[in-house]
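Q: Have a look at the structure that comes next, please.
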Amino acid sequence: MDFDYSLYLVTNRDCLPDGITYEESLEQALKGGVTIVQVREKSADTGEFLEIARATKRICDKYNVPLIIDDRIDIALAVGADGVHLGQTDMPLEVARKLLPANVIIGISCRTSEEVKRAVAGGADYIGIGTIYATSTKVVKTPLVGPRNIGEILAALDDTSVKSVAIGGIKSTNAVRTLFGSITASGKSLDGLAVISDIVASREPLIAAKRLKDSVSHFKASR
Ligand code: TZP
Ligand code: MG
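Just so we're aligned, residue 117 is where the sequence shown starts under our numbering, counting upward by one.
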């Protein structure tokens with residue numbers, strides 16, 4: 117499936133500012149140029165997660181943007197999502213691949229070249245490289261990847277069609293240098309940026325998304 121990973125929004129209702137609903141924030145972000153959405157709601161129970169996923173699917177469909185579900189294969193299947201995102205300690209990729217229909221994509225979080233190689237061997241469609249910068253959105257127990265190491269990790273994707281995004285502390289202020297810094301010796305680079313708080317915590321998610329999207333578009337146009 118050839119999705120556009122340019123601006124990958126990861127949801128988190130806990131980051132929303134007062135007075136703006138989840139649906140409003142999401143819709144504004146999509147109007148601002150988000151190209152793919154992952155529902156990641158760590159504080160929701162199964163019933164709530166399902167409801168959020170359904171509501172997100174309705175809005176994503178309106179904007180013709182693909183929907184990815186964090187972790188939960190059952191919820192992805194229940195709402196007819198386009199993909200599932202797995203962490204290194206979630207359901208193993210090979211098992212998820214067997215459970216999911218062939219048209220449902222799988223993404224996996226990676227922080228080393230070894231993890232990337234395993235993800236490729238296991239049939240991942242895309243990888244999320246991170247955590248790049250310090251973030252207060254997630255408790256991070258491993259050392260930060262840092263922007264300078266993205267290229268080296270990405271090099272493990274050479275000669276594959278597997279796509280990549282960077283995640284963790286990505287803001288409009290570091291977007292351009294993160295993207296340019298990711299270019300490998302063979303010319304590969306990130307396909308996009310994954311963001312939570314820079315969009316979701318904003319009172320103006322449309323503008324926040326547009327700023328990030330403009331950075332990615334500028335990067336892609338220059339290559
Ligand atoms: N995985 C690695 S860092 C992170 C996730 C889900 C959180 C990213 O949030 P933010 O607010 O964009 O730093
Ligand atoms: Mg997970």
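Ideal Cβ placement from N, Cα and C applies to all residues, glycine included.
Within the chosen definition, does the region 268-283 reach the region 304-315 through at least 3 CB pairs nearer than 8 Å?
A: At 8 Å Cβ cutoff, the stretches touch.
Q: Here's the rule: buried if 16 or more other CB atoms are within 10 angstroms of the residue's CB, otherwise exposed. What is G303?
A: As a first step, residue 303 is located in the sequence shown; it is residue number 187 there, counting from the start. So G303 ends up on the exposed side.
Q: Return the Cβ separation of S325 and G148 in integer angstroms, given the expectation that the two are a contact with Cβ distance under 8 Å.
A: Walking along the sequence shown from the start, residue 325 turns up at place 209. Walking along the sequence shown from the start, residue 148 turns up at place 32. Note on residue identity: the sequence assigns Ala, not Ser, to residue 325. Indeed they touch by this definition, with Cβ atoms about 3 Å apart.
Q: Are the region 181-191 and the region 200-215 touching, with three or more C-beta to C-beta distances below 8 Å?
A: At 8 Å Cβ cutoff, the stretches touch.
Q: Tell me, which residues are paired with Y124 by DSSP?
A: Counted from its first residue, the sequence shown places residue 124 at position 8. Beta-bridge pairing links Y124 to I152 and A310.
Q: When we look at the beta-carbon of K173 and count the other beta-carbons within 10 Å, is it buried (16 or more) or exposed?
A: In the sequence shown, residue 173 corresponds to position 57, counting from 1. Classification of K173: buried, given that the 10 Å Cβ count is 16 or more.
Q: Quick check on the contact list: which residues have their beta carbon closer than 6 Å to a heavy atom of the ligand MG?
A: So the residues near the ligand MG by this Cβ test are D186, D187, G203 and D206.
Q: Any C-beta of chain D sitting closer than 9 Å to the C-beta of D314?
A: Absence of chain D from the displayed structure is noted, only one protein chain being present.
Q: Among the residues of its own chain, which have a CB less than 6 Å from the CB of Y179, if the five just before and after it don't count?
A: Counting from one through the sequence shown, the residue named residue 179 turns up at place 63. Closer than 6 Å at Cβ, skipping near neighbours: L146.
Q: Taking only runs of the alpha helix (DSSP H) that begin and end inside the region 156-240, which ones reach a length of at least 4 residues, in chain order?
A: Correct list: 162-178, 189-195, 209-215 and 229-237.
Q: Alpha carbon to alpha carbon, what distance is there between G267 and T162?
A: For the purposes of this step, residue 162 is taken as the residue at position 46 of the sequence shown. For the purposes of this step, residue 267 is taken as the residue at position 151 of the sequence shown. Their Cα atoms are separated by approximately 37 Å.
Q: Looking at the ligand TZP, does it come within less than 8 Å of T253, judged from the CB to the closest heavy atom?
A: Walking along the sequence shown from the start, residue 253 turns up at place 137. T253 Cβ: within cutoff of the ligand TZP.
Q: Leaving out five residues on either side along the sequence, give the residues of the same chain with a beta carbon under 6 Å from the beta carbon of P321.
A: Here residue 321 refers to the residue found at position 205 when the sequence shown is read from its first residue. Once the five neighbours on either side are set aside, the close Cβ partners of P321 are S141, Q144, A145 and I315.
Q: Between the Cα of V181 and the Cα atoms of T151, V232 and I168, which residue gives the shortest distance?
A: Looking up residue 181 in the sequence shown gives position 65. The option with the nearest alpha carbon to V181 is T151.
Q: Mind checking who S280 pairs with in its DSSP beta bridge?
A: In the sequence shown, residue 280 corresponds to position 164, counting from 1. Its beta-bridge partners are I243.
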